[in-house]
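**Q** Residue numbers (this note's numbering), protein chains in the order written: chain V, 55 to 325; chain S, 11 to 473; chain P, 88 to 664. There's a structure below that I have some questions on.
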Amino acid sequence: MDTQVAFESQSKAVSSMAGTKPKVVARDCNVYYGEKHALKNVSVDIPNHSVTAFIGPSGCGKSTFLRCINRMNDTISICRVTGNILIDGQNIYDPALDVVQLRARVGMVFQKPNPFPKSIYDNVAYGPKIHGLARGKSDLDDIVEKSLEKAGLWKEVKDRLNDSGTGLSGGQQQRLCIARAIAVGPEVILMDEPCSALDPIATAKVEELIDELKSNFCIIIVTHSMQQAARVSQRTAFFHLGILVEEGPTSTIFTNPSDKRTQDYITGRFG
Amino acid sequence: MVAQYFLLLALLVISGYFFGSLRARSVAGGNFASMHSLPEYHGLYTAALVLAPMLFIFAVGLPSLLKVAEASALGHFPADLRADPLKSSATLRDIMNLASGGHSGAVAPELQDAAKTYSDLMSRGGWLILGLGLSAGLCAISWGVSSVSMSFRARNNFERFVNVALLLAASIAVLTTIGIVSSVMGETYRFFFDPNIKGKPGVFDFLFGTEWNPQAAMRADQGEISTAYGFLPLLTGTLLITCIAIAVAGPLGLFSAIYLAEYASPKVRATAKPILEILAGVPTVVLGFFAALTVAPFVRGWGEYFGLNVASESALAAGLVMGMMIIPFISSLSDDVINSVPQSLRDGAYALGATKSETIKQVILPAALPGIVSAFMLAISRAIGETMIVVMAAGLASNLTFNPLEAVTTITVQIKTILVGDQEFDSAKTLAAFALGFVLFFVTLLLNFIALRVVQKYREQYD
Amino acid sequence: MTDMTANIPTSHVRRLNFASTEAQARVRSRYRTEARFRWYGIAALTVTTVFLVVLVADIVVKGFPAFWQNSVYLDVALPAETVDPKGNRDTAEIRGADYNALARAALAAAIPGIEGRAAKKQLNELLSSGAADNLREEVVANPTLIGTTVKAKLLLSDNADLYLKGDGTSITRYAATRGIATPTATTGEVKVLVSSNDFAEILVSIKRDLELRGGALEREARRLDGNPDAGAHVKELRAEAQGLKDRYSKPSVAETLDARMPTRLIATNGGLIKISAISDSEATGEVLLPLTSTAEAKAGDWQIVTYETPEASRNVNDRMVTFLEKLKAENKVASNFNFAFFTSGDSREPELAGILGALVGSALLLVVTLLICLPIGVMASIYLEEFAVKNWMTDIIEININNLAAVPSIVFGLLGLAVFLNFFGLPRSAPLVGGLVMALLVLPTIIIAARAALKAVPPSIKEAALGVGASKQQAIFHHVLPLAMPGIMTGTIIGMAHALGETAPLLMIGMIAFIVDVPQGFTEAATALPVQIYLWSDLPEPAFQAKTAAAIVVLLVFLFLMNGTAIWLRKRFERRW
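And the structure:
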């Protein structure tokens with residue numbers, strides 16, 4: 055019964071995207087952790103130059119799905135992924151594709167700020183260095199500056215680029231991690247509850263930043279906070295028990311959800 | 011030859027890196043971002059291509075060259091000499107001495123010829139290996155350079171090399187075990203079953219014989235000296251000293267651990283722990299010196315005071331000091347297991363009004379028992395395998411006794427005594443040491459294995 | 088249930104009556120047990136600490152004197168005809184001259200009048216066989232000294248050195264003599280006649296000594312009485328005791344002295360006479376230092392000297408004591424820091440033996456060990472911690488490493504002997520092989536430490552690197568490994584300290600040879616510091632005991648420094664995540 059509903063809602067979600075060319079396309083995505091079936095038949099289209107929020111109760115599979123998009127799940131040995139995920143029409147689970155290059159195209163920001171215990175400059179410069187993006191020192195300086203500017207951190211740290219990244223405040227650290235992610239010029243940025251470890255002021259800054267970044271990137275954000283999803287996202291997907299229940303424009307999901315479970319979650323009946 | 015080869019190897023590896031990355035730079039034309047791998051990785055890949063075959067050629071080439079050179083050098087001598095492993099190894103030593111110019115005095119003509127053959131072969135073979143290595147290295151460089159392209163996955167390929175290297179490094183530990191097992195097992199097998207070994211005992215005589223006297227007749231004219239390879243005196247000696255050691259270290263170590271884990275203030279812990287660590291770090295040769303020169307006379311003095319007859323190298327002195335050696339061992343392992351007993355168990359006992367010592371005796375120790383037992387087993391295995399203290403303080407007399415005031419000998423002491431100095435590899439005496447090593451290795455292995463398993467199970471129970 | 092409880096009479100609910108004497112006694116006894124238990128712990132820790140303190144103190148006290156060494160300062164003549172007979176100042180010839188003979192001549196001049204082969208030999212035994220080594224180098228460096236007389240520092244022999252460090256005898260001098268003493272000669276066998284009974288007390292104490300000795304023999308005989316094998320021996324003991332009894336039971340009969348009694352001497356007329364037989368007023372003995380004349384010495388002008396420790400219980404005989412006391416009285420001996428201990432190799436002569444060879448051997452060995460086990464240990468731990476897929480193969484490797492860490496070290500020696508020496512034909516006694524064996528021995532320790540260090544780096548760092556598109560290897564080698572490095576270094580240093588102190592496997596591979604030269608390379612025969620300690624501890628000369636303890640002090644200092652560095656590293660780079 056449940057699966058029936060899920061299928062219906064999914065096909066609805068997919069059809070509602072007709073017209074615009076999606077950036078990320080997932081079809082029948084399943085994830086297994088050993089015996090556990092963590093994600094069941096997820097199909098979704100995610101548009102470019104917008105923010106898509108994944109919401110749902112804990113353990114619903116939203117983070118798992120997010121980590122499928124840059125294949126971070128590969129690092130967990132017992133994890134198995136089936137189905138297809140396409141970015142610009144290219145299957146990222148194609149064995150011929152180099153996962154390292156994929157991750158350069160799909161940046162990621164983690165739940166807890168995790169700057170390298172190195173200088174601010176080195177944090178941002180690391181990605182460009184390993185991908186050969188800079189042609190020289192001045193080019194690299196330029197990339198670092200631009201990335202920090204885009205992350206709204208340049209003014210705060212420009213005089214102390216050689217200080218350790220771990221010495222910054224929590225919000226600054228998270229923006230540094232965003233700068234680090236955008237320094238390699240990704241097309242998609244995945245954010246896994248990027249504000250859950252931050253105070254409200256830092257959260258506001260990061261949300262502001264996400265809003266600015268959406269003009270250049272396809273941003274997918276996992277969040278626990280429905281308010282945050284409502285504030286920053288254009289589209290929202292609701293996950294429940296490993297199933298993508300409903301996906302659509304944020305306003306529709308929050309005001310007029312088509313599924314009872316979405317309704318219950320949004321009105322606070324569970325979660 | 012070895013030095014030259016490694017010089018060449020280093021040179022080729024460096025130039026491989028250099029040419030590989032240079033070529034990649036020129037192919038990329040500055041556009042590194044659209045190239046799959048950074049130029050450094052093309053360089054590293056080429057260097058790895060050079061390193062692998064050159065190491066292989068060396069590892070295979072040198073031993074086979076040595077074998078060939080030795081065989082043809084011995085070809086100058088009659089067949090019966092070649093058949094006798096003792097004589098042929100002695101002759102080989104002479105040949106090598108002569109070839110390296112270390113031999114003085116008059117030399118037999120055939121030895122002269124053999125040495126000439128040997129050094130000729132060695133130098134020609136050395137050049138051959140160098141040549142092979144050079145050509146392999148150059149081929150590898152040209153291959154690596156030619157494979158450079160925008161889409162070539164040099165990083166992935168290089169990382170595959172690194173992965174293999176990591177795996178090889180991890181398997182060294184297994185190779186070590188295989189080396190130990192094969193060397194002690196091989197020699198032990200020969201000790202019992204090789205028909206060419208004279209004076210060897212039967213397995214039964216070895217295991218249950220009560221006399222140990224491995225004097226081998228060194229020359230034929232010394233005649234037959236009666237040898238005996240009865241293992242029992244060594245076993246009882248080892249057990250006696252181990253028992254004394256555990257009797258000392260068991261209570262001291264366990265009570266130290268209990269006090270440190272349950273009673274001590276952080277300050278006391280901060281002082282006592284380093285003291286135990288220092289004691290654990292004292293080399294056993296130092297403890298042996300202390301046992302032989304301070305504790306043994308002390309024990310003897312007290313024994314005489316009470317009218318007892320104490321040997322100057324008594325089992326008691328060695329056992330006491332060995333006990334001191336394993337105190338930190340028992341205390342730190344027991345401390346760990348006591349600390350990992352969940353607080354909830356203690357809380358349960360305290361809530362019933364139990365005193366601390368009652369909680370410890372009736373709740374914590376029973377819960378920690380498996381861990382403590384394995385700590386004791388590891389300590390016993392350490393005591394059985396300890397060499398220097400018993401070598402210096404326990405002596406050589408193979409007495410079948412349980413009197414701690416007498417001199418006894420142990421397995422390790424006998425291994426050391428037999429194998430120190432020049433030994434012929436084909437006498438029963440030398441092989442006996444390996445048989446003892448076999449016993450030692452497997453007894454300690456068994457104790458360790460069981461102890462580690464018990465600890466593991468215990469950890470899982472409370473994790 | 089609830090209504091049932093209501094019906095239970097209150098007597099069924101047992102409550103402790105804390106006021107009862109019984110309960111109070113129980114509580115008191117429980118607290119006593121508690122206190123006792125606590126004291127067991129304190130006692131155990133105290134015993135352990137005391138042991139460590141005694142161990143260290145014993146070794147430092149034994150070893151400390153060996154860092155100093157006594158020399159005698161004498162005017163040594165360097166006649167040209169001995170040192171440089173051809174007069175061409177040829178370095179090799181100057182070096183080849185017999186400087187020890189010159190030194191002996193100088194010593195003979197400092198203590199004149201010594202006659203007799205034995206006496207002369209004992210005088211010469213005061214000097215080390217390497218006494219003139221410094222002098223030789225001085226003359227070689229500065230040939231203008233030839234033909235002159237120089238004040239040279241001559242190294243004393245081990246026993247003389249030990250005596251001067253206090254390992255000899257105390258000496259008492261009794262000057263309140265009452266009679267006039269007349270010696271019959273100035274050298275050789277002498278009789279001293281005294282006009283009063285000055286020797287009576289000595290005679291009494293000799294008799295007392297004999298009585299004690301007889302008593303000990305009697306006790307020993309009684310102890311062996313029951314033993315049927317010792318019958319003949321018991322008879323001998325009884326006969327000897329009877330002989331002694333015959334002597335001590337007659338108070339005033341003259342006595343002979345032997346080496347098991349304190350040595351008594353008469354100092355008169357600038358000389359010294361060792362008494363061998365004595366009566367109340369007459370003593371016979373041998374002249375140790377020649378007298379100036381046979382003139383009478385008035386009461387108080389001559390002394391009775393006693394070397395309290397019997398000659399049989401010390402390493403220097405009466406003559407050497409006499410000579411050394413004379414040199415000391417003339418301020419000709421002095422103690423210097425024993426630099427040679429750190430700058431020379433092993434020697435059969437304790438006073439010449441040093442630890443440089445062993446130190447260099449240990450250093451070479453540790454270099455080999457470090458070069459092998461640091462890279463292999465790090466690589467293996469990276470593999471096991473980061474790359475290994477959980478399967479039976481990695482399980483085997485893991486079990487293996489844990490078990491190898493507890494295999495007795497002597498078994499690694501067997502491995503080295505069978506595999507490295509016999510199979511691969513590597514040279515015996517070489518630091519190369521020692522280093523290989525030690526590398527295998529400490530590899531498990533380093534792998535376990537390195538894995539712990541890698542595990543301590545939070546996975547978020549690795550994820551961050553993977554997130555920006557680093558490959559797994561890049562993430563590990565660029566980020567995780569550098570962060571784990573302090574922990575790995577700490578483990579490595581502790582492993583190296585273990586390798587430095589390990590002895591048994593080195594004995595197996597022949598690093599136990601007596602090697603005088605300082606090793607120059609990895610394949611040369613060498614020994615290592617702990618093996619040197621073992622070798623010296625086995626030697627009979629008492630001076631080597633002090634050397635052994637001194638070498639242990641050096642070893643412990645090195646271990647202390649290494650472990651200290653490891654602790655410092657751990658504190659300095661410890662990171663809280």
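We put the CB at the ideal spot given by N, CA and C, even for glycine.
Does DSSP classify W389/P as helix, strand or coil?
**A** W389/P falls in the coil class under three-state DSSP.
**Q** Please confirm whether G181/V has its beta-carbon closer than 8 Å to some beta-carbon of chain P.
**A** yes
**Q** With distances taken from CA atoms, which of L648/P, L646/P, A551/P is nearest I233/V?
**A** A small correction: the amino acid at residue 233/V is Ala; Ile does not occupy that position in the sequence shown. Out of L648/P, L646/P, A551/P, A551/P has the C-alpha closest to the C-alpha of A233/V.
**Q** Under 8 Å between the Cβ atoms of L243/P and S282/P?
**A** no
**Q** With DSSP as the reference, please indicate the residues paired to P76/V in a beta bridge.
**A** P101/V
**Q** Go through its chain and collect everything with a Cβ distance to A341/P's Cβ below 7 Å, but skip five positions before and after it.
**A** A364, I365, S366
**Q** Look at the Cβ atom of F171/S, then the Cβ atom of A62/S, and state whether they are nearer than 8 Å.
**A** The criterion of a C-beta distance shorter than 8 Å is satisfied by F171/S and A62/S.
**Q** Would you mind listing the beta strand (DSSP E) stretches within the stretch 118–177 of chain P that are 3+ residues and don't spill past its ends, in chain order?
**A** For secondary structure counted as the beta strand (DSSP E) over 3 or more consecutive residues, the stretch 118–177 of chain P holds these complete runs in sequence order: 155–164.
**Q** Can you list, in chain order, the residues of the stretch 567–581 of chain P whose Cβ is nearer than 7 Å to any Cβ on chain V?
**A** L570
**Q** Taking the alpha-carbon of R289/V as reference, which of N177/V, V96/V, A251/V, I100/V has the nearest alpha-carbon?
**A** I100/V
**Q** Report the rounded CA-to-CA distance for S201/V versus G137/V, giving the unit in angstroms.
**A** 34 Å
**Q** Using a Cβ-Cβ cutoff of 8 Å, what residues of the stretch 114–143 of chain V are near chain P? List them in chain order.
**A** Answer set for the stretch 114–143 of chain V: N124, M126, T129, S131.
**Q** When the cut-off is 8 Å and only beta carbons count, does S158/P lie next to chain S?
**A** no
**Q** Output yes or no for whether 8 Å exceeds the beta carbon distance between R157/V and I141/V.
**A** no
**Q** Quick one: which residues of the stretch 264–284 of chain V get their C-beta closer than 9 Å to a C-beta of chain P? List them in chain order.
**A** none
**Q** Based on Cα-Cα distance, which residue from W389/P, L527/P, L249/P lies nearest to Q156/P?
**A** L249/P
**Q** Take the Cβ of E438/P as the centre, count every other Cβ of all protein chains shown within 10 Å, and call the residue buried at 16 or more, exposed below.
**A** buried
**Q** Does the CB of Y269/S have a neighbour CB from chain P at under 8 Å?
**A** yes
**Q** Nearest to G234/P by CA position, among T271/P, K294/P, I181/P, is which residue?
**A** I181/P
**Q** In terms of residue numbering, what span does the beta strand (DSSP E) encompassing I469/P cover?
**A** Counting along the chain, I469/P falls outside any beta strand (DSSP E), though it belongs to the alpha helix (DSSP H) covering 443–469.
**Q** Can you tell which of E396/S, A385/S, M387/S, I348/S has the C-alpha that lies nearest to the C-alpha of V373/S?
**A** I348/S
**Q** Could you please give me the residues that DSSP links to T371/P through a beta bridge?
**A** K278/P, A364/P
**Q** Under DSSP, the beta strand (DSSP E) around P303/V begins and ends at which residues?
**A** 297–303
**Q** Find out if the Cβ-Cβ distance for the pair A218/P, L241/P is shorter than 8 Å.
**A** yes
**Q** Strictly below 9 Å CB to CB, what residues from chain V border R163/S?
**A** D152
**Q** Sort L249/S, L178/S, S342/S, L303/S by Cα distance to T419/S and report the nearest one.
**A** L249/S
**Q** Mind the definition here: the stretch 551–562 of chain P touches the stretch 122–139 of chain V only if three or more C-beta pairs lie below 8 Å; say whether that holds.
**A** yes
**Q** Please check if any C-beta of chain P sits within less than 8 Å of the C-beta of G161/V.
**A** yes
**Q** By Cβ distance below 6 Å, which residues in the same chain neighbour L108/S in space, the five residues on each side in sequence not counted?
**A** A125
**Q** Using a Cβ-Cβ cut-off of 8 Å, state whether P119/S counts as contacting chain P.
**A** no
**Q** With the cut-off set at 8 Å, would you say A167/P and G174/P are in Cβ contact?
**A** yes
**Q** So, with DSSP's three-state summary, where would you put F292/V?
**A** strand
**Q** Going along chain S in order, which residues have a C-beta closer than 9 Å to the C-beta of L187/V?
**A** F42, A43
**Q** List, in chain order, every chain P residue whose beta-carbon is nearer than 9 Å to that of V23/S.
**A** Those within 9 Å of V23/S in chain P number zero; the least Cβ separation is about 15 Å.
**Q** Please check the pair A385/S and L330/S, which I expect to be a contact at CB under 8 Å, by giving their CB distance rounded to whole angstroms.
**A** Not a contact, Cβ separation roughly 20 Å.
**Q** Helix, strand or coil for R351/P, going by three-state DSSP, please let me know.
**A** strand
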